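Numbering (the working numbering), first residue to last: 48 to 336.
Built from N, CA and C at the ideal position, the CB exists for glycine as well.
Quick caveat: nothing in here was measured; it's all calculated off a predicted structure.
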């Protein structure tokens, strides 16, 4: 008994030490995570004046163009995610989307940002000295809003009271951007740029599995967007849906023939297969909306 009493605490101590190891490893991982994520943090965009907002807009477009060229040179899921995240970040900080539902802000914000880029490329260039808040305008009050000359595109201050100035492309501009885009997109760009059809480039992106050159060589009518999706994607979805239904119906007929004189268990399997086929038959055509 004395020997047994001396051995038992030692085993308990060993077990207690071993049970501490997973917790120690977990805490070590948690300690390393902030270090790896903090390296990817970027400073907030400068929107302290209409001039600062326009400068941030131009800088972000250059960054997006570089990321797009990187994706084109070596397509990958990671490169596409980085490009998407950069576009969403720019849209979130440069556009007033207070009237847009939070769930749709990334999609609408990205589309608005890229359509706005196409529009500005087709407008006469505005001298930076004429934009409120430009260097050299010290002493002049910055107005609450500034309208891009010759357009209805507005940059407005959205911050209130003593909060730091925050100027963004207005909510009315976001709401009407597609109207402005349709009115000018057929005109040629007025100055060189690394990318002159931002919205079309977004529509053409299909992921790294399909070469971009193949999409760009399609006839123009196949690349034309219909309700936000190009015609070729709608046709491809229709073909895939028809093929899937054909496979399902064919399989259902094979199972029905094989289980005609089968055991009850196989008949049950046949019934479940028929249910799946009926569900597939009752689906809509699968066209994007």
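For my contact list, residue i and residue j are in at a C-beta cut-off of 8 Å; report their separation, rounded to the angstrom.
| i | j | result |
| --- | --- | --- |
| residue 96 | residue 180 | 2 Å |
| residue 292 | residue 216 | Between residue 216 and residue 292 the Cβ distance is about 45 Å, and since that is not below 8 Å, they are no contact. |
| residue 192 | residue 202 | 7 Å |
| residue 137 | residue 160 | 6 Å |
| residue 237 | residue 172 | 7 Å |
| residue 130 | residue 115 | 6 Å |
| residue 228 | residue 175 | The pair is not a contact, with the Cβ atoms about 24 Å apart (cut-off 8 Å). |
Which residues in the same chain as residue i place their Cβ atom closer than 6 Å to its Cβ, once the five residues preceding and following it in sequence are excluded?
| i | result |
| --- | --- |
| residue 147 | 155 |
| residue 152 | 144 |
| residue 189 | 96, 179, 180 |
| residue 231 | 166, 169 |
| residue 164 | 108, 245 |
Considering only C-alpha positions, which residue in the set the options is nearest to residue i?
| i | options | result |
| --- | --- | --- |
| residue 135 | 167, 253, 107 | 107 |
| residue 234 | 115, 166, 174 | 166 |
| residue 109 | 157, 286, 241, 294 | 241 |
| residue 245 | 281, 101, 294, 113 | 113 |
| residue 248 | 111, 89, 289 | 111 |
| residue 162 | 224, 138, 171, 219 | 224 |
| residue 253 | 128, 286, 298 | 128 |
| residue 221 | 200, 211, 208 | 200 |
| residue 219 | 208, 209, 239, 198 | 198 |
Could you name the residues that DSSP lists as bridge partners for residue i?
| i | result |
| --- | --- |
| residue 296 | For residue 296, which the question treats as bridged, DSSP gives no partner whatsoever. |
| residue 193 | 202 |
| residue 108 | Note: residue 108 sits in no beta bridge, so no partner. |
| residue 142 | 216 |
Below 7 Å CB to CB, which residues in the same chain sit around residue i once its five sequence neighbours on both sides are set aside?
| i | result |
| --- | --- |
| residue 213 | 94, 204, 205, 206 |
| residue 75 | Because the pLDDT at residue 75 is just 46, under 50, the model does not fix this residue reliably, and the point stays unresolved. |
Spatial neighbours of residue i within its chain, please: CB distance less than 8 Å, with the 5 preceding and 5 following residues excluded, ordered by chain position.
| i | result |
| --- | --- |
| residue 71 | For residue 71, the pLDDT reaches just 46, beneath the cut-off of 50, and the residue's location in the model is therefore unreliable, although a value from the coordinates is still provided. Cβ neighbours of residue 71 beyond the five flanking positions: none. |
| residue 211 | 95 |
Would you verify that the beta carbon of residue i is, or is not, closer than 9 Å to some beta carbon of chain D?
| i | result |
| --- | --- |
| residue 162 | Of the protein chains in the structure, only one exists, and it is not chain D. |
Unbroken alpha helix (DSSP H) runs of length 4 or more, entirely within the segment 208-236: which are they? 218-231
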